[in-house]
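Q: The numbering of the sequence shown is this note's numbering, which starts it at 225 and goes up by one. Don't be surprised by glycine CBs; every beta carbon is placed ideally from N, CA and C.
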Amino acid sequence: MKNIFYTEFWHKYYPVILCFILLVFHFLSAYPGGMSSDSFDQYQQSISGNYNSHHPSLMSIVWSLINHIHQGPQLMLLVDLAFLWGGILLLLYADQQNKYRYLYLVIALSPNILSQSATIWKDVVFALGTFFCIATCIFFTY
Numbered sequence: 225m226k227n228i229f230y231t232e233f234w235h236k237y238y239p240v241i242l243c244f245i246l247l248v249f250h251f252l253s254a255y256p257g258g259m260s261s262d263s264f265d266q267y268q269q270s271i272s273g274n275y276n277s278h279h280p281s282l283m284s285i286v287w288s289l290i291n292h293i294h295q296g297p298q299l300m301l302l303v304d305l306a307f308l309w310g311g312i313l314l315l316l317y318a319d320q321q322n323k324y325r326y327l328y329l330v331i332a333l334s335p336n337i338l339s340q341s342a343t344i345w346k347d348v349v350f351a352l353g354t355f356f357c358i359a360t361c362i363f364f365t366y
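(1) Taking the Cβ atom as the reference point for each residue, do G353 and P297 lie within a distance shorter than 8 Å?
(2) DSSP puts T343 in a beta bridge; with which residues?
(3) Would you mind working out which of T343, S272, I362 sits nearest S260, comparing C-alpha positions?
(4) Tell me whether the beta-carbon of L301 lies closer than 8 Å to the beta-carbon of F251.
(5) Would a C-beta distance cut-off of 8 Å place L315 and Y324 closer than the cut-off?
(6) Among the candidates I293, L313, F355, A318, whose CA atom is the shortest distance from the CA of F244?
(7) On the criterion of 16 or more Cβ atoms from any shown chain inside 10 Å, does V248 qualify as buried, or is it exposed?
(8) Assuming G310 and F356 make a contact with CB atoms under 8 Å, what is their CB distance in whole Å?
(9) Between F307 and the rest of its own chain, which residues show a CB-CB distance below 7 Å, the 5 nearest in sequence each way excluded?
Structure, rendered in structure tokens:
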């Protein structure tokens, strides 16, 4: 009987499976996501459609689109974590020749990133979005 851990499929998709499992675990441990008064204000703006200039409107607009699927902070948390784990996945695939490439997981598993990424703030969304964009550039460069 052939060992499934030595197949080509496992070798090719192991990073995807690993990042997906870690994303699900991270999502379940952070569910429904930490919110502050600023987060509640942006959530209220996303529901009402009345945006002000105190917070960036982009997050409230994206949140209003997500609210069509399910209202609440849960899917916004999922967007945050998808940026984080998607960026890690892109870095893992960009650096396939490096035997130490799994050290990229330290970025996402460090305590400060784990705790802050579970909070729904505009700063976290934009930081993780920037990380995802940089990881995408690295992936397509190498």
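A: From the atom records:
(1) Here residue 353 is taken as the residue at index 129 of the sequence shown, counted from 1. Here residue 297 is taken as the residue at index 73 of the sequence shown, counted from 1. No, the pair does not count as a contact, with Cβ atoms beyond the cut-off.
(2) As a first step, residue 343 must be located in the sequence shown, where it is residue number 119. G258.
(3) Counting from one through the sequence shown, the residue named residue 260 turns up at place 36. Nearest of T343, S272, I362 to S260, Cα basis: T343.
(4) Along the sequence shown, one-based indexing puts residue 301 at 77. Along the sequence shown, one-based indexing puts residue 251 at 27. Going by C-beta atoms, L301 is nearer than 8 Å to F251.
(5) On the sequence shown, residue 315 is found 91 positions in, with the first residue counted as 1. On the sequence shown, residue 324 is found 100 positions in, with the first residue counted as 1. Cβ distance not < 8 Å, so L315 and Y324 don't count as in contact.
(6) On the sequence shown, position 20 is the one that residue 244 refers to. Looking at the Cα atoms, L313 is the closest of the given residues.
(7) Here the question's residue 248 lines up with position 24 in the sequence shown. So V248 ends up on the exposed side.
(8) Taking the first residue of the sequence shown as 1, we reach residue 310 at position 86. Taking the first residue of the sequence shown as 1, we reach residue 356 at position 132. Yes, G310 and F356 are in contact; Cβ-Cβ is about 6 Å, under 8 Å.
(9) One-based indexing of the sequence shown puts residue 307 at position 83. So the list reads L352, G353, F355, F356, once near-sequence residues are dropped.
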